[in-house]
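Peer 1: Numbered as in the UniProt record's numbering, the sequence shown ends at 360 without a single skipped number.
The beta carbon of each residue, even a glycine, is placed where N, CA and C say it ideally should be.
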Amino acid sequence: MKRKLHKWRLLPLLGILTFVLSGCGMASLSALRPAGEVAQTQYNLMMLSTIIMVLVVIVVTILFLIVIFRFRRKKGDDTIPKQVEGSHKLEVIWTVIPIVLLIILTIPTVKVTFDLADTKAMDQKDKEGKTKDALVVNVRANLYWWEFEYPDLGVITSQDLVVPTNEKVYFNLVASDVKHSFWVPAAGGKMDTNTDNPNQFYLEFDSQKANEAEDLFYGKCAELCGPSHALMDFKVVAKSKDEFNTWAKEMKAASEPVVEGSLAKQGEEIFNQSCIGCHAVTPNDSRPETARQAPNLATFGERERIAGVLDHTEENLKKWLEDPEVYKPGNTMTGTYGELSDGQINALTAYLMQLKVEEK
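#1: Tell me the residue span of the beta strand (DSSP E) that contains Asn-199.
#2: Between the Cα of Thr-349 and the Cα atoms of Thr-165, Ile-270, Gly-308, Asn-245, which residue gives the shortest distance?
#3: Based on Cα-Cα distance, which residue from Gln-159, Ser-49, Thr-119, Thr-50 lies nearest to Arg-305?
#4: Counting only the same chain and skipping the five closest in sequence on each side, list residues whose C-beta sits under 7 angstroms from that of Leu-17.
#5: Could you say which of Asn-166, Glu-147, Ser-228 lies nearest to Thr-299 if we only look at CA atoms?
#6: Could you tell me the alpha carbon to alpha carbon distance between Asp-342 and Lys-265, rounded to whole angstroms?
#7: Can you tell me the Cα-Cα spacing of Met-353 and Gln-344, whole angstroms?
#8: When we look at the beta-carbon of His-180 and count the other beta-carbons within 10 Å, is it buried (16 or more) or exposed?
#9: Rounded to a whole number of angstroms, what is the C-alpha to C-alpha distance between Asp-123 and Thr-131?
#10: Please classify Ser-228 as buried or exposed, where buried requires at least 16 other C-beta atoms within 10 Å of its C-beta.
#11: Give the single residue among Glu-260, Val-357, Thr-79 whose Cα lies nearest to the Cα of Glu-250.
#12: Using only alpha-carbon positions, find the residue among Ala-230, Val-237, Asn-211 that is nearest to Tyr-218.
#13: Does the pairing of the region 134 to 154 with the region 53 to 73 give three or more beta-carbon distances under 8 angstroms?
#14: Candidates Met-47, Asp-242, Val-258: which alpha carbon is nearest Thr-109's?
#15: Cα-Cα, which of Phe-171, Gly-86, Thr-106 is closest to Ala-117?
#16: So, under 8 angstroms CB-CB, Leu-143 and Gly-330 are touching, yes? Tell me the CB distance rounded to an integer number of Å.
#17: What are the residues that DSSP puts in a beta bridge with Ser-158?
#18: With Asn-197 and Met-191 assumed to form a contact (beta carbons below 8 angstroms), what rounded beta-carbon distance in angstroms separates them?
#19: Could you compute how far the alpha carbon of Leu-10 sits from the alpha carbon of Cys-225?
#20: Please go through the same chain and pick out, in chain order, the residues whose beta-carbon is closer than 7 angstroms to the beta-carbon of residue 361, but skip the five residues on each side of it.
#21: Buried or exposed: Thr-313, going by 16 or more other Cβ atoms within 10 Å of its Cβ?
#22: Distance check for Ala-175 and Ala-213, CA to CA, integer angstroms please.
#23: Quick one: what's got a C-beta closer than 6 angstroms to Ile-80's C-beta in the same chain, skipping five residues either side?
#24: Given a threshold of 16 other Cβ atoms within 10 Å of its Cβ, counted over all protein chains shown, does Lys-360 qualify as buried or as exposed?
#25: Could you round the C-beta distance between Val-184 and Leu-203 to whole angstroms and report it? I think they count as a contact, below 8 angstroms.
#26: According to DSSP, what are the bridge partners of Met-191?
#27: Here's the rule I'm using: 16 or more other beta-carbon atoms within 10 Å means buried, otherwise exposed. How should His-88 be labelled?
#28: Do Ala-248 and Tyr-150 have their CB atoms nearer than 8 angstroms?
#29: Hey, Leu-173 and Thr-193 are a contact pair by Cβ (cut 8 angstroms); roughly how many whole angstroms apart?
#30: Does the distance from the C-beta atom of Leu-231 to that of Lys-318 stay below 8 angstroms?
#31: Per DSSP, what kind of secondary structure is Val-84 in: helix, strand or coil?
#32: Please confirm whether residue 381 and Thr-165 have their CB atoms less than 8 angstroms apart.
#33: Among Leu-161, Asn-284, Asp-242, whose alpha-carbon lies nearest the alpha-carbon of residue 362?
#34: Rounded to a whole number of angstroms, what is the C-alpha to C-alpha distance between Arg-33 and Ala-186?
#35: Per DSSP, what kind of secondary structure is Val-309 in: helix, strand or coil?
#36: Express the C-alpha separation of Asp-311 and Leu-297 in angstroms, rounding to a whole number.
Right under this line is the structure:
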């Protein structure tokens with residue numbers, strides 16, 4: 001008996017923890033803290049449906065309690081309450097009310113669905129074949145990394161998506177191997193990346209919300225794609241329009257990196273012998289999509305994470321180069337190069353940490 005009472009005492013504690021944990025979440029990675037037009041619209045729809053459901057639950061609960069307490073059988077009272085079976089009035093009420101609630105939810109949902117699917121701006125091209133008044137990003141999902149190509153700017157990045165604030169950014173989504181799903185929780189709902197046909201949609205990042213999140217958001221793969229699915233993350237950097245234009249100009253003008261130090265130069269030689277076949281070190285890589293087999297490393301020295309999962313330190317980079325399978329099972333880098341000696345790992349680390357795009 002005491003054990004049962006002890007268990008019941010845990011329920012209030014669990015209830016309090018539920019409310020406390022429901023308030024957790026980062027501005028950079030939370031669908032409940034919308035950071036743009038698309039996310040806000042979807043959030044409003046979610047709140048509308050939640051309000052409708054809560055109202056229905058409240059009404060049904062009240063009716064249930066009324067019936068339980070008012071019409072329960074009492075000792076010595078065999079009176080049978082008035083029967084309402086076949087009441088046309090009640091049947092009309094409980095038929096019409098759900099229909100009205102569904103209409104209230106359906107109309108804005110259908111409207112928003114068509115509005116968010118409007119990507120006609122991507123089809124408006126100028127004489128040079130570039131998109132006129134819209135920023136387009138080609139997203140290519142791979143096992144287990146992301147590539148972001150800005151076709152009208154001649155820039156390619158990996159793992160780091162850079163976007164301007166307060167304007168629509170249009171995305172072409174494809175996958176190289178298996179189905180993935182592109183999702184930036186704070187900016188909008190997920191969209192699948194397929195191997196056979198591209199999906200298109202747009203997102204918008206609000207400058208004020210971006211400032212609250214320190215101009216940094218995080219994205220994820222939202223489709224189970226293999227053993228390292230949960231580790232397939234990417235970073236979204238939000239910049240003002242002027243800052244974005246400056247960034248794009250620097251990326252487009254970047255040349256082959258020049259590293260300093262004998263150890264880094266030794267690492268460059270090793271890289272050019274064994275790694276350059278898959279990786280590029282300039283953000284204006286002109287190779288076709290099919291030739292880009294691994295993440296672009298042009299800005300590797302400026303990143304916050306290694307392989308999207310490890311803190312960006314020399315020690316972690318050495319661990320990754322020594323055995324990437326330990327940190328990202330099933331990744332395509334494992335087994336594609338021979339075993340590296342400690343000296344080679346140290347040299348490659350020195351080289352990779354100097355890969356940065358600097359303003360000319």
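Peer 2: Considering the structure as presented:
#1: Here the beta strand (DSSP E) through Asn-199 covers 199 to 204.
#2: For Thr-349, the nearest C-alpha among the options comes from Ile-270.
#3: Gln-159
#4: none
#5: Glu-147
#6: 16 angstroms
#7: Separation of Met-353 and Gln-344 (C-alpha to C-alpha, rounded to the nearest whole angstrom) is 14 angstroms.
#8: buried
#9: 7 angstroms
#10: buried
#11: Scanning Glu-260, Val-357, Thr-79 for the CA closest to the CA of Glu-250 turns up Val-357.
#12: Val-237
#13: no
#14: Met-47
#15: Phe-171
#16: Going by Cβ atoms, the distance from Leu-143 to Gly-330 rounds to 7 angstroms, so yes, they are a contact pair.
#17: Glu-147
#18: Their Cβ separation, rounded to whole angstroms, is 12 angstroms, which puts Asn-197 and Met-191 out of contact at 8 angstroms.
#19: So the alpha carbons of these two residues sit roughly 38 angstroms apart.
#20: The shown model of the chain, from 1 to 360, leaves out residue 361, and the question about it has no answer.
#21: Here Thr-313 is exposed, its C-beta having fewer than 16 other C-beta atoms within 10 Å.
#22: If I take the Cα positions, the gap works out to 29 angstroms.
#23: Taken in chain order, the list of residues that qualify is empty.
#24: Note that Lys-360 scores 43 on pLDDT, short of 50, meaning its location in the model is unreliable; the coordinates nonetheless yield the value given after this. Exposed: under 16 other Cβ atoms inside 10 Å.
#25: Sure, about 7 angstroms apart at Cβ, within 8 angstroms.
#26: Paired residues: Phe-182.
#27: exposed
#28: yes
#29: 4 angstroms
#30: Contact flag unset, no.
#31: coil
#32: No answer is possible for residue 381: it lies beyond the span of the chain, which begins at 1 and ends at 360.
#33: Past the edges of the chain, shown from 1 to 360, lies residue 362, and the structure says nothing about it.
#34: Cα to Cα, the separation comes out at about 6 angstroms.
#35: coil
#36: 16 angstroms
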